[in-house]
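Residue numbers (the working numbering): 709 to 1119. Glycine included, each C-beta is placed from N, C-alpha and C at the ideal position. All of these numbers come straight from a predicted model, not from anything done at the bench. See structure below.
If you want it as structure tokens, here you go:
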């Protein structure tokens, strides 16, 4: 079972602790970027291996099964230096307590109809942390989907507006609200469009559960500009941004020397907590075959550089491995591979997968520190806009790895 990289006795971050923790995380991430930036999947060897040969050799000798067992708890690994010290520091800097919860009113089962069980648990956990000094009178569900979160919050008769880009989800949400006799307004809206500002009013209390990248950043900017009294955001997919590099929000982040690419922003999302066995097997086969093809394409091109390949349908994994390689070479307009020992090449792919997964354990120590750095950038931005901010967890790491919530209320 995955272990959350936080200690249960710690408190949510508030006040001056937000900046103190941000600065400590910034120092840590800047000092060790040579360890967490390089991606083992795209490189046959990593620059840091020259500086830490014992650690590199130890990780490369481990099996795929051992890597899998350590994937969600790399800090427990008894690896050579500097791994243990980095793990301790990363764990300490990632400590974050739960936001205090309230007991939700018991709702009829029809509220959770059409919602997968895990998603409904996340919604309930999120809603249970939303206690503000001024009770909200008009909820605004941002990137609402069908509006399940909004309906739970508005069951007491509060006004509810749901903004969603997908017209099918808008229509389905309106039907569900009508069936529950809730006076909710479901609107089709691209929240990144200029006219989204017209849909957000000062009397709204916006909430966003797992809105990606630019979508939740846009909410923070508009809500603070409009003077909303409170808001609650649990971010997701920090790498879903239009810019090539991260655009810091707060002054401390803008003054940092840390420059983050979209690739870097994907690091916090690289863990697997909820995937089933079949999905894991498909993922492993796909990655092993890609890594084997990477060895092949380096020969075919006469270039020792990684070649990005497109996301392929699962049906490609039903092919014979040799056909997979030939078809992918054709797709990338490479020379047709000559006959070879395909079984040996495939075995090399699986061996590389084991090495990649184990080498990634060093990068994985920095997943939560980087995520917390990003969230604190958002928290410090909101503070500068006149909000009192709390940052803590709202559910278990097993229920959702993206379990951190920003609560902001005008002071």
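Name the residue from the options whose alpha carbon lies nearest to the alpha carbon of residue i.
i: residue 1118; options: 932, 1016, 768, 991; result: 932
i: residue 718; options: 959, 807, 839; result: 807
i: residue 1063; options: 726, 776, 737; result: 776
i: residue 1008; options: 1020, 995, 1043; result: 1043
i: residue 966; options: 735, 794, 974; result: 735
i: residue 1091; options: 959, 917, 814; result: 959
i: residue 950; options: 883, 1018, 970; result: 970
i: residue 867; options: 786, 845, 731; result: 845
i: residue 954; options: 943, 937, 973; result: 973
i: residue 754; options: 1068, 1078, 1093, 1073; result: 1068
i: residue 828; options: 872, 1018, 917; result: 917
i: residue 853; options: 1029, 875, 862; result: 875
i: residue 990; options: 1014, 1022, 821; result: 1022
i: residue 1112; options: 816, 787, 803; result: 803
i: residue 880; options: 822, 900, 864; result: 822
Around the C-beta of residue i, are 16 or more other C-beta atoms found within 10 angstroms, so that it is buried, or is it exposed?
i: residue 712; result: Any reading at residue 712 must be qualified, since the residue scores a pLDDT of 37, below 50, and its modelled position is unreliable; the value itself is stated next. Answer is buried; the Cβ neighbour count reaches 16.
i: residue 1100; result: buried
i: residue 728; result: exposed
i: residue 912; result: buried
i: residue 1098; result: buried
i: residue 856; result: buried
i: residue 740; result: buried
i: residue 849; result: buried
i: residue 760; result: buried
i: residue 824; result: exposed
i: residue 869; result: buried
i: residue 715; result: Residue placement at residue 715 is flagged as unreliable, the pLDDT there being 41, under the threshold of 50; the coordinate-derived value follows with that caveat. Looking at its Cβ environment, which holds fewer than 16 other Cβ atoms inside 10 Å, residue 715 is exposed.
i: residue 709; result: Residue placement at residue 709 cannot be trusted, given a pLDDT of 30 that sits under 50; the coordinates are not used to answer.
i: residue 986; result: exposed
i: residue 773; result: exposed
i: residue 859; result: buried
i: residue 1076; result: buried
i: residue 1205; result: Any answer about residue 1205 is impossible in this case: the structure gives the chain only from 709 up to 1119.
i: residue 1041; result: exposed
i: residue 925; result: buried
i: residue 1110; result: buried
i: residue 814; result: exposed
i: residue 785; result: buried
i: residue 1057; result: buried
i: residue 1028; result: exposed
Verify whether the separation of the beta carbon atoms of residue i and residue j is less than 7 Å.
i: residue 1103; j: residue 781; result: no
i: residue 927; j: residue 914; result: yes
i: residue 1025; j: residue 993; result: yes
i: residue 946; j: residue 984; result: no
i: residue 977; j: residue 1089; result: no
i: residue 726; j: residue 1087; result: yes
i: residue 939; j: residue 908; result: no
i: residue 1074; j: residue 766; result: no
i: residue 894; j: residue 882; result: yes
i: residue 996; j: residue 1036; result: no
i: residue 942; j: residue 851; result: no
i: residue 801; j: residue 732; result: yes
i: residue 762; j: residue 790; result: no
i: residue 750; j: residue 1014; result: yes
Looking at the secondary structure, which residues open and close the beta strand (DSSP E) in which residue i lies?
i: residue 760; result: Premise fails: residue 760 is in no beta strand (DSSP E) and is neither H nor E.
i: residue 849; result: 846-850
i: residue 872; result: 867-872
i: residue 918; result: 913-920
i: residue 1100; result: 1095-1101
Could you spell out where the alpha helix (DSSP H) holding residue i opens and where it closes?
i: residue 875; result: 875-887
Establish whether the CB of residue i and some CB of chain C are separated by less than 7 Å.
i: residue 985; result: Here there is only one protein chain, and chain C is not present.
Tell me, please, whether the segment 1042-1054 touches the segment 996-1016 by the rule of three or more beta-carbon pairs shorter than 8 Å.
-> A contact exists between the segment 1042-1054 and the segment 996-1016.
Is the segment 796-813 in contact with the segment 837-848, if contact means three or more CB pairs nearer than 8 Å?
-> Using a C-beta cut-off of 8 Å, the segment 796-813 makes contact with the segment 837-848, since at least three inter-stretch Cβ pairs fall below that distance.
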